[in-house]
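For the sequence shown, the positions run 0 to 150 when numbering that gives the first Met the number 0 is used.
Beneath this line is the structure, given in structure tokens, with notes to follow.
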Amino acid sequence: MREIIFAAAGTGAGARQRHLAFLFADEMALKISPALTIPSVTAPRIAQIAAALDRNPGDRRSLEAWSEQLHISSRSLARLFQRDTGTGFTAFRNQIRLKAALLRLAQGEAVTSIALELGFGTASNFIRSFRELTGVTPARYFPDRKRNRDN
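Below is the structure:
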């Protein structure tokens, strides 16, 4: 696992590094909590939202904004989300954001930077969300990340 982390954190942006980064994020999500396992989606409208959030986990569009874009009422979209994913929109979006945060944390990125770029608003909100799903803070989960960043 350690080799995957360091290979994924390499400076190259080639296909191999991207593949390793996604592999690492998937493995970490499974290790941390089943709550970070992103549910598969089948409904086309939900798949469209999921793809957009995968491309940009920091996307701040609300359920209401998505419903307008997809020409569906927000209430119907909320029900569709629950039926297709087994969870609500906000929880689904947070799962995607936290999964993206795992790789960035492993690469030594600052918590505040991750929080702001992934749409948590503040470091405190990010830490709270991370702790709710993992049981520990990012600093406790990655206790040697500063040391790895320096090496």
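Heads up, the beta-carbon is just placed ideally off N, CA and C, and yes, glycines get one too.
What is the rounded straight-line gap between the Cα of residue 139 and the Cα of residue 118?
-> So the two alpha carbons sit approximately 22 Å from each other.
Count the other CB atoms within 10 Å of the CB of residue 59; is the residue buried (16 or more) or exposed (fewer)?
-> Counting the other CB atoms within 10 Å of its CB gives residue 59 a total below 16, which places it among the exposed residues.
Under a Cβ-count criterion, where at least 16 other Cβ atoms within 10 Å of its own Cβ denotes burial, should residue 137 be classed as buried or exposed?
-> By the 10 Å Cβ count, residue 137 comes out buried.
Looking only at C-alpha atoms, which of 43, 124, 102, 123 sits nearest to residue 80?
-> Of the residues 43, 124, 102, 123, the one whose Cα lies closest to the Cα of residue 80 is 43.
From the DSSP output, in three-state form, read off residue 106 for me.
-> Here DSSP, grouped into helix, strand and coil, assigns residue 106 to coil.
Starting from the Cα of residue 84, find the closest Cα among 141, 39, 132 and give me that residue.
-> Nearest option by C-alpha distance: 39.
Could you spell out the range, first to last residue, of the alpha helix (DSSP H) harbouring residue 83?
-> DSSP places residue 83 inside the alpha helix (DSSP H), whose first and last residues are 73 to 84.
Helix, strand or coil for residue 129, going by three-state DSSP, please let me know.
-> Annotated three-state conformation of residue 129 is helix, per DSSP.
Taking residue 141 as the reference, which of 122, 132, 107, 124 has the closest Cα?
-> Of the listed residues, the one whose Cα sits closest to residue 141 is 107.
Smallest Cα separation from residue 70: which of 89, 47, 56?
-> Nearest of 89, 47, 56 to residue 70, Cα basis: 47.
Measure the CB-CB distance between residue 105 and residue 113 and report whether it falls below 8 Å.
-> The answer is no: Cβ separation not under 8 Å.
With distances taken from CA atoms, which of 72, 120, 132, 134 is nearest residue 57?
-> Checking every option, the nearest Cα to that of residue 57 belongs to 120.
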